[in-house]
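A short worksheet on the structure shown next.
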Amino acid sequence: MIKGRILTLLTLTLIITSALPLLNGLAEKTVETETSSQFTHTVFAEECTATWCPNCPNAAEALYNIYESGDYPFYYVALVDDMNPIAKARNKNYVINLYKIYALPTVYFDGGDTNIVGSKPTVQETEAEYRNLIQQEGQRTPWQPITMSSTATWDGNAKITVTVNVTNEGSKTYFGRVCSYITEIESRWLDKNGNPYHFGFLDFAINKPILISPHKTKTYTTTWDGTKNHKGQTFPDITADNIMVITTLSHWIPHYRTGYQGGIYKQRYFAFYVDQTTASTPIL
Numbered sequence: 003m004i005k006g007r008i009l010t011l012l013t014l015t016l017i018i019t020s021a022l023p024l025l026n027g028l029a030e031k032t033v034e035t036e037t038s039s040q041f042t043h044t045v046f047a048e049e050c051t052a053t054w055c056p057n058c059p060n061a062a063e064a065l066y067n068i069y070e071s072g073d074y075p076f077y078y079v080a081l082v083d084d085m086n087p088i089a090k091a092r093n094k095n096y097v098i099n100l101y102k103i104y105a106l107p108t109v110y111f112d113g114g115d116t117n118i119v120g121s122k123p124t125v126q127e128t129e130a131e132y133r134n135l136i137q138q139e140g141q142r143t144p145w146q147p148i149t150m151s152s153t154a155t156w157d158g159n160a161k162i163t164v165t166v167n168v169t170n171e172g173s174k175t176y177f178g179r180v181c182s183y184i185t186e187i188e189s190r191w192l193d194k195n196g197n198p199y200h201f202g203f204l205d206f207a208i209n210k211p212i213l214i215s216p217h218k219t220k221t222y223t224t225t226w227d228g229t230k231n232h233k234g235q236t237f238p239d240i241t242a243d244n245i246m247v248i249t250t251l252s253h254w255i256p257h258y259r260t261g262y263q264g265g266i267y268k269q270r271y272f273a274f275y276v277d278q279t280t281a282s283t284p285i286l
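For the sequence shown, the residue numbers in my numbering are 3 to 286.
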């Protein structure tokens with residue numbers, strides 16, 4: 003049972019579907035998370051949250067505790083709804099109704115295959131719920147076995163070159179979407195308790211469809227510039243030691259799911275399963 007008051011957002015907008023070498027003295031680093039024999043892939047979560055939400059700090063702390071434990075191959079991003087219009091747009095992707103109703107906090111696992119709405123009274127109880135779903139998602143078999151790696155190169159002046167390599171190890175053609183989330187490890191945005199979010203999402207470096215034939219590899223490279231306009235925001239003050247680029251690969255087939263339900267309001271959405279996740283950080 004979800005304890006406490008669940009906060010809902012209501013908007014009247016129509017659905018919008020979104021959906022290397024040393025340089026300047028900085029080295030590339032790929033963050034390695036070893037997939038255990040029990041997990042078929044690295045699990046990914048999106049934390050739908052807001053700075054004014056009183057139930058959100060438990061969710062934020064629970065997710066970070068799990069990540070820090072290193073118990074699972076697992077990454078997540080914080081979609082801070084009230085501070086970043088790009089994050090808000092991503093949150094709205096999880097609603098197919100005309101009225102954009104969703105709850106805070108909601109955590110979507112592996113592209114929304116499963117979700118948890120609200121939070122428990124304690125961080126420990128919230129964390130236990132999240133761990134159960136991470137373990138569940140880790141058993142899910144991806145559409146095709148995928149190998150993916152990424153690197154991030156700090157080019158100076160808030161510019162990051164992101165390179166992603168995706169290999170289809172299976173016998174069928176893979177069609178889906180590759181997304182590279184630029185995140186701040188310690189976010190500029192604070193939760194209701196005054197603590198910084200972790201892996202706060204700024205913008206996508208890569209967000210495009212992908213088609214890979216069996217046993218083939220595709221490489222995507224782009225340079226993301228924090229000084230440019232990102233839906234009314236700029237991030238010229240980012241630093242190399244506080245950035246993580248988290249990249250996901252999701253399959254194109256939609257799966258109907260339910261989210262928040264309260265009174266006459268029912269959240270419905272299509273989940274696009276994340277089949278692989280990787281991450282990289284530029285370091286000094």
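Every residue, glycine too, gets a C-beta built ideally from N, C-alpha and C.
Within 10 angstroms of the Cβ of tyrosine 258, are there 16 or more other Cβ atoms? Answer buried if so, exposed if not.
exposed
Taking Cβ to Cβ, would you say alanine 281 is nearer than 8 Å to serine 152?
yes
DSSP puts aspartate 227 in a beta bridge; with which residues?
Lys161
According to the neighbour-count rule (16 or more other Cβ atoms, all chains shown, within 10 Å of its Cβ), is asparagine 95 buried or exposed?
buried
Range of the contiguous alpha helix (DSSP H) that encloses isoleucine 136
125-140
Quick one: what does DSSP say lysine 210 is sitting in, helix, strand or coil?
strand
Residue range of the unbroken alpha helix (DSSP H) whose run includes tyrosine 69
58-71
For histidine 253, the residue or residues it bridges with in DSSP:
Gly178
Alpha-carbon spacing of tyrosine 275 relative to tryptophan 254, whole angstroms:
8 Å
Under the three-state reduction of DSSP, which class applies to aspartate 84: helix, strand or coil?
coil
With DSSP as the reference, please indicate the residues paired to arginine 259 in a beta bridge.
Tyr271
Let me know the secondary structure DSSP gives lysine 220 once reduced to three states.
strand
Sufficient close CB pairs (3 or more, under 8 Å) joining the stretch 183-191 to the stretch 200-213:
yes
Residues near isoleucine 118 by beta carbon distance below 6 Å, same chain, minus five either side
Val109 and Glu131
Where does alanine 89 fall in DSSP's three states?
helix
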